[in-house]
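Numbering (the numbering used here), first residue to last: 971 to 1702.
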């Protein structure tokens, strides 16, 4: 019997085709053998080289795969598949620069190949070419809208760029296409968290964990979302579980630090964020986290330096830049031009990609009922809520209509009180700035008031969309930096006509700014000094305000009043040994012995928080960020407050309040005057006791508690700026 061999070309094809089938069947070893058999017959068969290179990539035999792909492109330099394979392999090995070259060649040779555009996007992202990476992903999706990996990677990029709505859109599609992929579920949760949709985010992270129970990133992200919802103990537990799974998890340490900070455990918080930075000093947000903890410890210059490092690492981040603005108001190193530039920089970043809306067609009727919109995240147990409640209560409903746009993830009883006293309440948690601006336009708001812009989750950036004809900043202790915000509301003490502080807004001045309803509080006790024989000064402010300059003022007061003592308390913050140590060290350096200092580490269970004032004769106000709510509480409890009138708006809140109750003699211009004002009060105990006994009645009868009068003053301002807009709009 005579046998005849197959023609070589046919045998080659059989080996190549068999290799392809075996690859698809997930039998890589047999597939590689088939491709090698083909190459034994023809070492220059590019199809076999490409098949083998793909299998070697799957087997993680990187160097051999790269050699195989290089051989393929050497044989056929215009083979798009060969260029794409080599580019992808180089990207796998971290050689992004050369990978981009080969992938660019691949898409030039075969522009209809969506996968090559996707791989080019990944390589460009690795090179830091973010805009180019996004363009490549978008081109891949234009060619293949079902390319799940492109939706995922583009969504992650948009999360990093703080474009959460776009990210949610792409990641939702990626999840539909890849329902069994834990990473995609986790990424969608990150985008939802960025929008403030924390409940939905936690559900996504939970889906990721069901697919991969040891997924440390998803567990850590649950912890971050729980923190945002105020579930601090649960957040701590989740973050510690994530770290137990992944001991070098820098981001988890960073979020744990913030959670411990919220719990008042500042020493542990500082250790956690420092550990995070030991692991990853290149992550901007971790430097920002360190800044927040240092700020709470009163180490303001170090805090601001950390915030500036974060901004340098991520110069295009509005979130990082706004965090820096939050720390500027605590620093005594005031640079009017530099600080104004910082605010303008934030506005420029936040304004990126903003598309201006159409011209407003609000009816230009000077006397009609006006719609006033308030954008806020603060109507909880917060100073802003306490100040806004009297205004909401006393609004003239015939002439004004209140709309509140509330980004409040965890409402409480104060939230419900505010909600019950306004005309319209919009829950805008989870809405992007463009979406919020559109809602405001649809409500035909005439004057939009942005509350406390730099703090918490407040939304000054929505002003960039010019959502209302007139836009106003209120309760922010400095400029917003936005040219689109027309006005800032203060008074003649907060922003004096001769100030060197710079504002992008036109300043409107009320006769008096601060407003507060009468407080349910313990009865005012007798003057403690009559029983103790010495003056007790008290500082109940957030210790974040205890700058070195503030502690020097306190030392001046103690020096001016021999045998006096100084009492500190603020919630549980002084449980921090580092904080207590800093306070006693700085005061000790100024000549105040430890025997004259009492630091209350924790509030007494079941005691009224304001009862501590019945141990205090005179309150001492910090600088450069003075008290406001704390000052009101002190005065309400019969305790006069000595303050230093600062150079900036943020340093004049107490001065404004003292003017309203005819105690301007307690407003000092220098450190010596501060000590002298304290000594003047301490010198005459009968007069101090009489002041104490009548101070609550004086405050209650003053402008500080006259909500109806303050509401009319605000309304006159609103009517005046509305009239100006109507006249300007008609003339344009």
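Backbone N, C-alpha and C define an ideal beta-carbon position, used for all residues, glycine too.
These figures come from a predicted structure and were not determined experimentally.
{"Asked": "Host beta strand (DSSP E) of residue 1506 (start-end)", "Found": "1506-1509"}
{"Asked": "Top-ranked residue by Cα proximity to residue 1269, from 1614, 1556, 1402", "Found": "1556"}
{"Asked": "Same chain only: Cβ atoms within 8 Å of residue 1340, ignoring 5 sequence neighbours per side", "Found": "1369, 1370, 1371, 1416, 1417, 1688, 1689, 1692"}
{"Asked": "Cβ neighbour criterion (16 or more within 10 Å) applied to residue 1467", "Found": "exposed"}
{"Asked": "Contact set for residue 1461: own chain, Cβ-Cβ below 6 Å, skip 5 residues either direction", "Found": "1479, 1480, 1482, 1483, 1626"}
{"Asked": "Nearest-angstrom Cα separation, counted from residue 1473 out to residue 1159", "Found": "38 Å"}
{"Asked": "Rounded Cβ spacing between residue 1423 and residue 1443 (contact assumed at less than 8 Å)", "Found": "6 Å"}
{"Asked": "Within 9 Å, strictly: CB atoms of residue 1084 and residue 1062", "Found": "no"}
{"Asked": "C-beta contact flag for residue 1429 and residue 1409 at 9 Å", "Found": "no"}
{"Asked": "Segment contact flag, the region 1271-1286 with the region 1301-1319, C-beta cutoff 8 Å, min 3 pairs", "Found": "yes"}
{"Asked": "Per-residue burial, residue 989 [other beta carbons within 10 Å of its own, 16 or more giving buried]", "Found": "buried"}
{"Asked": "Cβ neighbour criterion (16 or more within 10 Å) applied to residue 1094", "Found": "buried"}
{"Asked": "Secondary structure of residue 1334, DSSP reduced to three states", "Found": "coil"}
{"Asked": "Cβ separation of residue 1669 and residue 1605, assumed to be a contact under 8 Å, to the nearest whole Å", "Found": "5 Å"}
{"Asked": "Cβ neighbours of residue 1658 in the same chain (closer than 8 Å, five flanking residues each side left out)", "Found": "1497, 1499, 1587, 1588, 1610, 1651, 1652"}
{"Asked": "DSSP three-state assignment for residue 1485, whether helix, strand or coil", "Found": "coil"}
{"Asked": "CB of residue 1039 within 9 Å of CB of residue 1019, strictly", "Found": "yes"}
{"Asked": "CB of residue 1190 within 9 Å of CB of residue 1217, strictly", "Found": "no"}
{"Asked": "Limits of the alpha helix (DSSP H) - the one that residue 1172 falls within", "Found": "1168-1181"}
{"Asked": "Between the CA atoms of residue 1100 and residue 1106 - distance to the nearest angstrom", "Found": "10 Å"}
{"Asked": "Residue 1524 vs residue 1590 beta-carbon contact at 9 Å", "Found": "yes"}
{"Asked": "Neighbour-count burial assignment, residue 1667, 16 or more Cβ in a 10 Å radius", "Found": "exposed"}
{"Asked": "Helix, strand or coil at residue 1640 according to DSSP, with G and I counted as helix", "Found": "coil"}
{"Asked": "Cβ contact (3+ pairs, closer than 8 Å) linking the region 1633-1651 and the region 1445-1460", "Found": "no"}
{"Asked": "Buried versus exposed, by CB contacts within 10 Å (16 or more), residue 1276", "Found": "buried"}
{"Asked": "Cβ-based neighbour list, residue 1563, same chain, cut-off 7 Å, excluding 5 preceding and 5 following", "Found": "none"}
{"Asked": "Straight-line Cα distance separating residue 1306 from residue 1361", "Found": "32 Å"}
{"Asked": "Residues of its chain near residue 1585, where Cβ-Cβ distance is below 8 Å and the 5 sequence neighbours each way are ignored", "Found": "1498, 1506, 1508, 1537"}
{"Asked": "Residue range of the beta strand (DSSP E) that includes residue 1524", "Found": "Segment 1518-1530 is the alpha helix (DSSP H) holding residue 1524; no beta strand (DSSP E) there."}
{"Asked": "DSSP state of residue 1623 mapped onto helix, strand, coil", "Found": "helix"}
{"Asked": "Residue 1150 burial status per 10 Å Cβ neighbour count (16 or more: buried)", "Found": "exposed"}
{"Asked": "Assigned exposure category for residue 1048 - 16 Cβ within 10 Å defines buried", "Found": "exposed"}
{"Asked": "Within 9 Å, strictly: CB atoms of residue 1192 and residue 1219", "Found": "no"}
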